[in-house]
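Here this note's numbering is used: the first residue of the first sequence is 1, the next is one more, and so on.
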Amino acid sequence: MEPEHAGYGNPIMSTDTTGTATRMDPGARSGSGVPDKPALEGLEATWSARWEADGTYRFDRSADRSAVYAIDTPPPTVSGSLHIGHVFSFTHTDTVARFHRMRGRAVFYPMGWDDNGLATERRVQNYFGVRCEPTLPFEPGFVPPEKPGKEPVAISRPNFVALCHQLTAEDEQVFEQLWRTLGLSVDWSLSYATVSDRAQRVSQRGFLHLARRGQVVQRTAPTLWDVDFRTAVSQAELEDRDRPGAYHRLRFPKADGPGAVDIETTRPELLPACVALVAHPDDDRYRPLFGTEVRTPLFGVRVPVVAHPLADPEKGSGIAMICTFGDTTDVVWWRELSLPTRAIVGRDGRLLPVPWGEPGWESESAGEAAENYRPLVGLPVNAAQSRIVEALARSGALIGDPEPITHPVRFYEKGERPLEIVSSRQWFIETLPLRGRLLARGEELRWHPPYMAHRYRAWVEGLNADWNISRQRFFGVPFPVWYPVDESGETVFERAIFAGEDVLPVDPSTDVPDGYTEDQRGQPGGFVGDPDVMDTWATSSLTPQIAGGWQEEPELFATVFPMDLRPQAHDIIRTWLFSTIVRSELEHGTLPWSDAAISGWVLDPDHKKMSKSRGNVVTPLPLLEQHGADAVRYWAASGRPGTDTAVDESQMRVGRRLAIKVLNASRFTLGRMAGPDDTGQDPSPAAVTAPLDRAMLARLAQVVDEATAAFEEYDYARALERTEVFFWSFCDDYLELVKVRAYGDGRDPGPASAQAALALALSVLLRLLAPFLPFVTEEVWSWWRAGSIHSARWPSSEEFGVGAGDAATGPVLEVASEVLSAIRRAKTEAKRSMRSPVATLEVTDSADRIAALLAAEGDLRDAGSVRSMATAVTDDPSVEVVLPDEG
RNA sequence: GGGCGUUUAGCUCAGUUGGUUAGAGCGCAGCCUUCACACGGCUGAGGUCGGAGGUUCGAGUCCUCUAGCGCCCACCA
C-alpha cells in the first residue's frame, strides 16, 4: 500500500458528481465499484484534473539526492506548431518518469518552454503584422492591429518584446493543455520559460562566470552571417543545401612579365575581394609561381600566389582565389597565411562601396577599377555576379562558358539565402581548447541507444570554430555588459563593464551601469549598452541550472544536479546536448546528467520526414481525440529508442483495443471475486495453490523481471511488448481456463486459489501497464484500490513468493493453453460454437506434459466443455478432439 | 570522402550472449450473435530472414565483401 496517497477514495462516491461519460448511474454498478459498461471516453479530463488536484506528480523536495530522479526536460519551442513528434518523444520520457516514480524515486520532472529567439520573433511578426524598429520610442498601451495589415507596423523594441511575451504565454497554455491531455506526469509547479527573469538571471550569471574566468571573449572576426536576419549564426546552426552554381574560368595575368594563370571559381562576384591565389605546395604545375604575383582582372590588384595544403589539386584548375570572405576555407587561409582583408559584402548582403587606390585597395589601374566596380555597388551578390560576369566576358578574362554545377552551399538552418561571412565583433565561448575534455565527457555519458554517442563524438572532433553566442536580434537574453564611450565618442569595447551578479537580470539598453547616469548613454565620456542578445542555445544550454534553481535555491540544486536523464531527439545533439555539456563542464566540471535517451523522428505515414513545406505535418490533437491518449501513447511507446517511427493510426487502434481490454478483463476479474475487496491489499501468494494458477504467476514473475530490466535500460518499448504479450495470453487462455472455477464461493481451495491469482495478476498487470496507459489503469485501480496507481510501487517478482511456480508446475499453463487451442481449432473447423461440447478428448505426449495437463484437467474440461478426456504417454504428441454428431 | 543506422510475411515491426519446424500486430479469409469484452472472440493462409562468400556440428543471430534506403559529419575554389 501507499499510505502517503490514500486520498482517492472510491470513485463511486467521489467522482460521480463530475458527470463524466464513464460514470454510469451508481445503481447500474455491480457491488464492488466496477461499472457495468466501462468506457474510455472522458478519462483524460477526469484523471488529469484529479492528478493536478491531488498533486500526484509533485516533486518531493525533502527527498534525499539518492532517492531523486531528475529529468532535464527539453523545452519545446512554443512558437512552433504542435507536432506529433513532441507527443512521441515526450511519451517516451514520461514512461520512464512513471517507472522511476513507481520504484520509489522522487521524480523531478519540470516542463520548460523555449520562447526565446528568432522563431518567436518571426511568429510575432506574422501573427500581429508588426516589425521591430529599435530606434522608435516605447509606446505605452500599444495595441497591435486586429488583423495583420499588408505593411507591417513598425514598433519599438520594448513593445515588440511585450508582444513576444503575450503570444508565447498564450501558446504555452495550448501546449500545457495538450500535455495534460496526453497524461504527462509533469510537476507543473516547476515550469520555467527561457525568457523568464529566472532564466535570464541564470543566463547572465553563467555568462559573467565565464567572463570572470576568461572563458568567453569578445573578438572581431570573420563571422557566419545571415543577410536576411542580419545576425551572426554559429557553426551548430549551419546546414548544407545543394544549389546550382557554375564554374567560371578566370584569367589572372602575371604581374611581372608575360603569361597568365587561370583559376576557377563559383563566386566571380568576389573577385574584387581577392587577396591571393592558392595552390597545393606539392603541385608541380603551380610551384614555380609561389612567391610571384598576379593581377586581378578588371581591378588590377596585385595579389600573391601562395601555397597551402588545403588547396586541392583535383578540384577545378587546382588553383583557387582567396577572397575575404567566400567561405570558411577562405577564413582559414586568410588567418594562417596572414593575408590582408578586402571586404566587399555588407551585412545586408549587398556590395559595399570601396576606395580603389587607397591603402588596402591599391590597384595598378585605380581609375579603371573604380569604373568597373561602380555599377556593382549596392547590388545583392547574385545580381553583382551577373554584372561582373558580363564585364569579365567583355574584357576577355572569362575563359570559355561558365560550366553549370550543383554544389553544397552553407545556409543558416532557418535561413533562405546562403550565408555570407562578414567581419564583426562577437562574444565567443572558447570551445576549441576544450575538445579533449568534451570528448571524455561524451565517453562518460551513458547513451541510449549507445550508438548515438558517435554523433556527439563526430561533432566535437569536427569543431572548427569557437561558439559564437552573440546574436544581433531583439528578443532574447541581453548581455549584461556596457562599454565606456571615450571623449571622442568612440566605444571602448576592450573595457567592457560587467553587471554585478546581485542586480540580474539587467537590460543594458535601459539599465545603467554603476557610476553612470542615464543621460550619459551614448555620450562622449559616457557609456553604451551591448546591443546584442545571446544565442538561444546560450540559454538552453543551462536548462539543468534554470530548472534546478542554480544559485537561487541551493538546496534544490544540490538535490537535483547533476541530473539523471537528458531526453531529446537526435537532431539536436550538436546543439542542445553539446552546449549543455560545454556549460556544465565549464561551470561545474561535471556532466550535467548521467544518461541521455535519444529519441527518433516521427515520419509521416509514408515514411517521409515531416516538414511544413511538404505540408505533411501531423498535428496530435485530432489523433488524441479520435483514439484517446492511452492509444496514442501506446503507439509512441511502441517506437524503439532512437528509431525513427512513422505515424501509424492502426497502431493507435491496437492501443485503444488494449485499453478497452484492460477495462473489460478487469471488470471480469474483479467480478469473479467472492466479494468486494475490503482489504485494499494484494492477496497473499500463499493462497495460490492450484498448479495452473501457480504456473501463470511464475510466468508473470518473469515478465516483471524482463520489464523491469528493460526499463532500467530505458527500453520502454521492450517493457511494453513483454507486458502486452503476457496480458493477451492471460486474457485469451488463462481467464478462459479459470472462468468456471473462479465462480466458486471461494472457500474451496480451487476457487480461492483462482481468485487470489486473478487479483494478484490484475494488480501486477495494471502496474506494469501504468506507465504506458496511465488513464485506463488509473480508472481500473480506482474501482478497487485507494490512492493513485501512479504512486503505487512497481511490481517485483519477489512479491509472488510461494506463488511463483516451480519446475513441476512450469508447463501447466503452456500445455493447457495448447490443448485448449486444439479444441477451439476442432470446433472452428467443424463450424461449431465455442460453447459446443467435446465428446472425447485424447491427448498423447511426454510424461511431464501429460502430468502437467492432468494438473489442470478440471479447468480444461470446463473451458472446453469436454465430456470425457483420455491421456497416454508416448513419444508422438497428438491431440484428438472428437465432437458429438450434430443434432 | 569519413562514419552511423537499417534491410525478417502484402504493411508496420519483435527476434538479448548462434541451438529444436522463424514470431506478433495490422490487413486478408473463414467461423462464432459465447452469460468481461461486436470499440469483440476464435481459427487459418502468408516469409527461409537484401545479395555473395566464410567460421561452426549448427547462423536471421558472428566475420568479410557487396547492394538499396535513411541519417550524421567533412576545407563545398
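Note that the Cβ used here is the ideal one computed from N, Cα and C, for glycine as well.
Reduced DSSP secondary structure (H/G/I, E/B, other) of residue i
{"i": "Val560", "result": "helix"}
{"i": "Pro35", "result": "coil"}
{"i": "Lys254", "result": "strand"}
{"i": "Lys315", "result": "coil"}
{"i": "Phe411", "result": "strand"}
{"i": "Ile344", "result": "coil"}
{"i": "Thr46", "result": "helix"}
{"i": "Phe727", "result": "helix"}
{"i": "Glu416", "result": "coil"}
{"i": "Glu358", "result": "coil"}
{"i": "Glu829", "result": "helix"}
{"i": "Pro567", "result": "strand"}
{"i": "Lys147", "result": "coil"}
{"i": "Asp875", "result": "coil"}
{"i": "Val780", "result": "helix"}
{"i": "Thr73", "result": "coil"}
{"i": "Thr120", "result": "helix"}
{"i": "Ala646", "result": "strand"}
{"i": "Thr231", "result": "strand"}
Residues that residue i bridges to, as DSSP identifies them
{"i": "Cys132", "result": "Ile155"}
{"i": "His248", "result": "Thr265"}
{"i": "Phe527", "result": "Pro484 and Arg521"}
{"i": "Thr223", "result": "Val422"}
{"i": "Lys869", "result": "For the record, residue 869 in the displayed sequence is Met; it is not Lys. Answer is Leu841, bridged to Met869."}
{"i": "Trp113", "result": "Ala193"}
{"i": "Ala320", "result": "Val278"}
{"i": "Phe138", "result": "Paired residue(s): none; Phe138 is not in a bridge."}
{"i": "Asp604", "result": "Paired residue(s): none; Asp604 is not in a bridge."}
{"i": "Ile399", "result": "Arg249"}
{"i": "Val216", "result": "Ile429"}
{"i": "Asp240", "result": "Arg410"}
{"i": "Arg350", "result": "Pro380"}
{"i": "Phe498", "result": "Val481"}
{"i": "Thr575", "result": "According to DSSP, Thr575 bridges with nothing at all."}
{"i": "Thr181", "result": "Paired residue(s): none; Thr181 is not in a bridge."}
{"i": "Met534", "result": "Ser470"}
Run of the alpha helix (DSSP H) containing residue i, from where it starts to where it stops
{"i": "Phe99", "result": "Ile84 to Met102"}
{"i": "Trp447", "result": "No alpha helix (DSSP H) holds Trp447; the beta strand (DSSP E) holding it covers Arg446 to His448."}
{"i": "Phe711", "result": "Pro691 to Glu712"}
{"i": "Leu854", "result": "Ala847 to Ala855"}
{"i": "Phe59", "result": "That residue, Phe59, is in no alpha helix (DSSP H); it is neither H nor E in DSSP."}
{"i": "Val331", "result": "Thr328 to Glu336"}
{"i": "Lys661", "result": "Glu649 to Gly671"}
{"i": "Asp630", "result": "Ala629 to Ala637"}
{"i": "Ile546", "result": "Thr543 to Gly548"}
{"i": "Asn616", "result": "It is not in any alpha helix (DSSP H) - Asn616 carries neither H nor E in the DSSP assignment."}
CA-to-CA distance, residue j to residue i, given in whole angstroms
{"i": "Gly442", "j": "Leu700", "result": "38 Å"}
{"i": "Ala307", "j": "His280", "result": "5 Å"}
{"i": "Phe775", "j": "Thr406", "result": "53 Å"}
{"i": "Leu670", "j": "Ala759", "result": "7 Å"}
{"i": "Ala28", "j": "Gly864", "result": "Per-residue confidence for Ala28 stands at a pLDDT of 35, beneath the threshold of 50, marking its modelled position as unreliable; no derived number is given."}
{"i": "Ala119", "j": "Ala193", "result": "15 Å"}
{"i": "Lys150", "j": "Gly129", "result": "8 Å"}
{"i": "Glu842", "j": "Arg849", "result": "14 Å"}
{"i": "Ala698", "j": "Val819", "result": "20 Å"}
{"i": "Asp535", "j": "Arg566", "result": "21 Å"}
Residue range of the beta strand (DSSP E) that includes residue i
{"i": "Gly420", "result": "Before going on, a small fix: residue 420 reads as Glu here, not Gly. It spans Glu420 to Ile429 - the beta strand (DSSP E) in which Glu420 sits, taken as one unbroken run."}
{"i": "Arg295", "result": "Glu293 to Arg295"}
{"i": "Asp595", "result": "Trp593 to Ser599"}
{"i": "Arg302", "result": "Arg302 to Ala307"}
{"i": "Ser878", "result": "Ser878 to Val882"}
{"i": "Phe108", "result": "Ala106 to Phe108"}
{"i": "Val68", "result": "Val68 to Ala70"}
Exercise. For the stretch 454-488, list the alpha helix (DSSP H) runs that are entirely contained and at least 4 residues long, ordered along the chain.
Key: none
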